[in-house]
Amino acid sequence: MSTANIDMQSNKGALWAIWNYLRDNIAVLALIIVVIFFSITAGTKFLSFQNLANIGRQASVITIMACGMTMIIVSANIDLSVAATLSFAAMLNAIVTQATGSTLLGLVVGLAAGLAVGLVNGILVTKGKIPSFLATLGLMGVVRGAAMMVTGTKPVVIYVESFWRSFGDGELFGVLPMPIFWTIVVLIITHIIMRYTALGRYIYATGGNQEASRFTGVKTDKTIITAFIIMGVLAAFSGIILASRMHAARPGTGEGMELNVIAAVILGGTSLFGGKGTIIGSLVGALVIGALNNGLIILGFSTHVQMLVRGLVIILAVLFARED
Amino acid sequence: MDTLTPQKRVIQSGEVLLSLTNIEKSFPGVRALKGVDFELRKGEVHALVGENGAGKSTLMKILMGVYTKDAGEMNLGGQAISIDTPEEAHEHGIGMIFQELSLVPQLNVAQNIYLGNESKRGLGFLNDRSMYDRAADLMDKYNVKGYFGIKDRVAKLSRGYRQIVEVLKALSRDTNILIMDEPTASLTKDEEETLYQIIMNLKAEGVSIIYISHRLEEIFKNCDRVTVFRDGNKVKTTEVDAVNMEQLIELMTGRKLEIIDHHHTMKSGSSENALLKVDNLCWKHRLKDVSFHLNYGEVVGITGLMGAGKSEIARALFGIEPRDSGDIFIEGKQVDIKNPWDAVEAGMALVPEDRRNQGLVLMHSVADNIALPLVSDLQAFAGWFRERKAYNQVDEQVSSLGIKTPSIRQKTKYLSGGNQQKVVVSKWLTKTPKILILDEPTVGVDVKTKAELRNIIRELVKDNDRGVILFSSELNEIIQLSDRIIILYRGEVLKEYSNEMPLPEDGLHRAVQGIITDRTGDE
Numbered sequence: 001m002s003t004a005n006i007d008m009q010s011n012k013g014a015l016w017a018i019w020n021y022l023r024d025n026i027a028v029l030a031l032i033i034v035v036i037f038f039s040i041t042a043g044t045k046f047l048s049f050q051n052l053a054n055i056g057r058q059a060s061v062i063t064i065m066a067c068g069m070t071m072i073i074v075s076a077n078i079d080l081s082v083a084a085t086l087s088f089a090a091m092l093n094a095i096v097t098q099a100t101g102s103t104l105l106g107l108v109v110g111l112a113a114g115l116a117v118g119l120v121n122g123i124l125v126t127k128g129k130i131p132s133f134l135a136t137l138g139l140m141g142v143v144r145g146a147a148m149m150v151t152g153t154k155p156v157v158i159y160v161e162s163f164w165r166s167f168g169d170g171e172l173f174g175v176l177p178m179p180i181f182w183t184i185v186v187l188i189i190t191h192i193i194m195r196y197t198a199l200g201r202y203i204y205a206t207g208g209n210q211e212a213s214r215f216t217g218v219k220t221d222k223t224i225i226t227a228f229i230i231m232g233v234l235a236a237f238s239g240i241i242l243a244s245r246m247h248a249a250r251p252g253t254g255e256g257m258e259l260n261v262i263a264a265v266i267l268g269g270t271s272l273f274g275g276k277g278t279i280i281g282s283l284v285g286a287l288v289i290g291a292l293n294n295g296l297i298i299l300g301f302s303t304h305v306q307m308l309v310r311g312l313v314i315i316l317a318v319l320f321a322r323e324d
Numbered sequence: 001m002d003t004l005t006p007q008k009r010v011i012q013s014g015e016v017l018l019s020l021t022n023i024e025k026s027f028p029g030v031r032a033l034k035g036v037d038f039e040l041r042k043g044e045v046h047a048l049v050g051e052n053g054a055g056k057s058t059l060m061k062i063l064m065g066v067y068t069k070d071a072g073e074m075n076l077g078g079q080a081i082s083i084d085t086p087e088e089a090h091e092h093g094i095g096m097i098f099q100e101l102s103l104v105p106q107l108n109v110a111q112n113i114y115l116g117n118e119s120k121r122g123l124g125f126l127n128d129r130s131m132y133d134r135a136a137d138l139m140d141k142y143n144v145k146g147y148f149g150i151k152d153r154v155a156k157l158s159r160g161y162r163q164i165v166e167v168l169k170a171l172s173r174d175t176n177i178l179i180m181d182e183p184t185a186s187l188t189k190d191e192e193e194t195l196y197q198i199i200m201n202l203k204a205e206g207v208s209i210i211y212i213s214h215r216l217e218e219i220f221k222n223c224d225r226v227t228v229f230r231d232g233n234k235v236k237t238t239e240v241d242a243v244n245m246e247q248l249i250e251l252m253t254g255r256k257l258e259i260i261d262h263h264h265t266m267k268s269g270s271s272e273n274a275l276l277k278v279d280n281l282c283w284k285h286r287l288k289d290v291s292f293h294l295n296y297g298e299v300v301g302i303t304g305l306m307g308a309g310k311s312e313i314a315r316a317l318f319g320i321e322p323r324d325s326g327d328i329f330i331e332g333k334q335v336d337i338k339n340p341w342d343a344v345e346a347g348m349a350l351v352p353e354d355r356r357n358q359g360l361v362l363m364h365s366v367a368d369n370i371a372l373p374l375v376s377d378l379q380a381f382a383g384w385f386r387e388r389k390a391y392n393q394v395d396e397q398v399s400s401l402g403i404k405t406p407s408i409r410q411k412t413k414y415l416s417g418g419n420q421q422k423v424v425v426s427k428w429l430t431k432t433p434k435i436l437i438l439d440e441p442t443v444g445v446d447v448k449t450k451a452e453l454r455n456i457i458r459e460l461v462k463d464n465d466r467g468v469i470l471f472s473s474e475l476n477e478i479i480q481l482s483d484r485i486i487i488l489y490r491g492e493v494l495k496e497y498s499n500e501m502p503l504p505e506d507g508l509h510r511a512v513q514g515i516i517t518d519r520t521g522d523e
């Protein structure tokens, strides 16, 4: 993507090329700075294998949703309902898993809930011609309300060991925490979709210029609906992983998390105007936010400071990113 | 005369108000204005005519401060002036009515008239009463009361009335020179009459009007003088009474146009075995029972003035706007085209009028733009897109059409207009469509690429395996490329010519104006 500045390389040397690469991929620079900063200030508390695995576990929920959000934002839309969908799906998943003892059945019901929310979002945006900001803002309230209503705001505790071990708790081959494993699976699948499939092409084209894409025979409505469905399913999956890690689902889980997800995607170089962005970028963006939160906790700062610093980092990064 | 102070000299009606001398302007690859003079008197309606690209719009944009002239002088009321921004043009009392109206539909008439120029009480509070009083006075002065109220929301007004609001908006800023660019293009007959009436009122109030129109009929009805432009030169300025339409057309086209012989063997005009047949196409009030057909190996040129229905036919055929009625047959089989992918499935391709907004994803590469229509064809298992195969075809297209780009990964926004247009054309050629619809394919393209594009269009049909429908308002292009020519006038097919003999271009010009005097093309 950053091949345009090769000609600059010849006269300014390799440092200049690295500099330009970092300005094009601002999240990488941010990650380097964050990691160096916490390595110095927090030392091995931050850099230990144990803690890095922690960061991975904590970042997994945001990363999975950021994968879906990348598709949504590249298609020149936005989805504000993801955190609400996460807790709604987690609630249904918990109820079904706890009632039946079946991990699979709970998974299917949870994902189906996410799919349904995504479908409604997609139809409102395309057929209903409601700007996605408004459609998903509305659904955010509806879905969050529904999540509360299921149990009258009471959490649902899950005592199903196979469920704990499948998503949140266990480790694959005794080393790789399950949330990280599932995040890698989602990253690979969504990266392939965006980079190598027809659907990916259509998402980029639709986001880049919806009118021209329609004039070229691209089914833009279908493309946008599909992106919202994938987003809904991934939000639901995040909720299931979270429920599995906590051994419980709470209707208020993840409130405000949609903004972290959007921040990760934008930090990762996806254009809010659509047509441009990568899954890898969003991964790096999510890691920046994950490392930042983790490091600040280790240094003993409160959540207020976390919010403040996160906000500043996003503003600085976007300011510093190279204009195209 | 000399006793008057220079800055306050009052210009009497009929005296020269504005004079432009030796104006020059070049764009990359084009000399748009080659030293042009123009003179406007106070209180006159002065028509500007010329074919597309003759330079009239460029001159007006210089006058409005949209473009900066390369050389030349401007003189207003006896004083040399310079205009570098639209704000400066407004300060000098020059206003322009654009074809795309600049009104805010949610606001009412008075609010629109004084938008950005509101009456205020201080501290930023609005003085509504003063604004409404001023609006009422303005409507009184130019005698436009009775059409609409000052508190009517603009959204509720017809296009014609909106145009009047736009005129009032310009006049509210002490405008004494008003430029109107094709003001009647989208108006109904009645709305037109209203506009003419207002032009008369403005004239009586001493406003000078520069009137750009392709409809010569209007010029004879409304204007005092006319200036003819051709190829960036001013050909002549004359009293309208001193010329007739024939002479005007001759001045616009100049020499008889040499028709470049493409050695195209003429296809018969019969509709037997037609590749495409369109019957009684209707869309709102803008297309009325349009019927025509296209044969294999044929270029059918469809032309007419702005608003005659060219783009509307293209959009209805391609399923972009749902047509109200009308049947479409491809190779004798009726097809129901409801959206663009139905059209693509049926073997059609559209090169739209507005390549930057409708033809290209500007932020994406040449390769991705050309490959986009191929995505649905080149899929392997599970929707996997066979990119390498697509890019091979892209490479072929880029070299066969001679698209100038440093690499196929270059973003299309960095290409020149002509090369962008080649990208739009070539993205369809990979799909080998049977029916190619080209809407104004050479507009805004430099002369050399224009010629190349025209050659490409003729090349497309040489194997008799497809047909091209060419919508163009450039008559020489239509004559040069078409096997048959269809003239549209106000949404209807006025006449069909078979391009078997070199056609008299001025005959076509008359037909485009809605006047049929020659009988050459009759069956």
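Line order of the protein sequences matches chains X and A. Under my numbering, think of the first position of the first sequence as 1, with each following residue one higher. Under my numbering, think of the first position of the second sequence as 1, with each following residue one higher. Note that beta-carbon positions come from the ideal geometry of N, C-alpha and C, so glycine has one too.
Asked: Which residues DSSP lists as bridging residue 74 (chain A), in chain order; Found: A:20, A:81
Asked: Where residue 25 (chain A) falls, given that 16 or more other Cβ within 10 Å makes a residue buried; Found: buried
Asked: Cβ of residue 199 (chain X) within 8 angstroms of any chain A Cβ; Found: yes
Asked: Listed by chain order, chain X residues near residue 383 (chain A) by CB distance under 7 angstroms; Found: 197, 198, 199
Asked: Minimum C-alpha distance to residue 105 (chain A) - residue among A:55, A:158, A:139; Found: A:158
Asked: Test: residue 360 (chain A) CB closer than 8 angstroms to a CB of chain X; Found: yes
Asked: Backbone CA spacing between residue 205 (chain X) and residue 170 (chain A) [nearest angstrom]; Found: 40 angstroms
Asked: Cβ-heavy atom distance, residue 202 (chain A) to the ligand FAD, below 7 angstroms; Found: Only the bare structure without any ligand can be found here, which leaves the ligand FAD out of the picture.
Asked: C-alpha gap between residue 116 (chain X) and residue 84 (chain X), whole angstroms; Found: 13 angstroms
Asked: Chain-ordered neighbours of residue 219 (chain X) on chain A, where CB pairs are closer than 7 angstroms; Found: 341
Asked: Extent of the continuous alpha helix (DSSP H) to which residue 90 (chain A) belongs; Found: 86-91
Asked: Three-state secondary structure (DSSP) of residue 25 (chain A); Found: strand
Asked: Residue 433 (chain A) burial status per 10 Å Cβ neighbour count (16 or more: buried); Found: buried
Asked: Among A:355, A:284, A:277, the one whose alpha carbon lies nearest that of residue 322 (chain A); Found: A:284
Asked: Assumed close pair residue 415 (chain A), residue 216 (chain X) - CB separation to whole angstroms, cut-off 8 angstroms; Found: That pair is no contact at about 17 angstroms.
Asked: Proximity to residue 47 (chain X) [Cα-Cα], best of X:208, X:299, X:139; Found: X:299
Asked: Rounded C-alpha distance that separates residue 235 (chain A) from residue 471 (chain A); Found: 28 angstroms
Asked: Residue 273 (chain X) - DSSP class collapsed to helix/strand/coil; Found: coil
Asked: Start-to-end residues for the alpha helix (DSSP H) that takes in residue 49 (chain A); Found: From DSSP, residue 49 (chain A) is part of no alpha helix (DSSP H) but of the beta strand (DSSP E) over 45-49.
Asked: Interface partners of residue 320 (chain A) on chain X, CB under 8 angstroms; Found: 214, 215
Asked: CB contact below 8 angstroms: residue 416 (chain A) versus chain X; Found: no
Asked: Under 7 angstroms by beta carbon: chain X residues contacting residue 180 (chain A); Found: Here the premise fails: no neighbours, minimum Cβ distance about 29 angstroms.
Asked: Of the residues A:400, A:377, A:382, the one placed nearest residue 389 (chain A), counting alpha carbons only; Found: A:377
Asked: Where the beta strand (DSSP E) containing residue 282 (chain A) begins and where it ends; Found: 276-283
Asked: Spatial distance of residue 78 (chain A) from residue 233 (chain A) (CA atoms); Found: 24 angstroms
Asked: Residues bridged to residue 209 (chain X) [DSSP beta-bridge criterion]; Found: In DSSP, residue 209 (chain X) forms no bridge with anything.
Asked: Residue 55 (chain X) in three-state terms, based on DSSP; Found: helix
Asked: Min CB distance residue 211 (chain X) to chain A below 8 angstroms; Found: yes
Asked: Beta-carbon gap between residue 424 (chain A) and residue 201 (chain X) smaller than 8 angstroms; Found: no
Asked: Beta-carbon proximity check, residue 90 (chain X) vs residue 243 (chain X), cutoff 8 angstroms; Found: yes
Asked: Residue 252 (chain A) burial status per 10 Å Cβ neighbour count (16 or more: buried); Found: buried
Asked: Span of the beta strand (DSSP E), counted from its first residue to its last, around residue 35 (chain A); Found: 30-41
Asked: Contact list for residue 372 (chain A) against chain X, beta-carbon separation under 8 angstroms; Found: 201, 205, 213, 216, 218
Asked: Contacts that residue 397 (chain A) makes with chain X (C-beta to C-beta distance below 7 angstroms); Found: Under the 7 angstroms cutoff, chain X gives no residues; its nearest Cβ is about 15 angstroms from residue 397 (chain A).
Asked: Below-8 angstroms beta-carbon distance, residue 208 (chain X) vs any chain A residue; Found: yes
Asked: Identity of the residues DSSP links to residue 556 (chain A) by a beta bridge; Found: This structure does not reach residue 556 (chain A), given that chain A is present from 1 up to 523, and the question cannot be answered.
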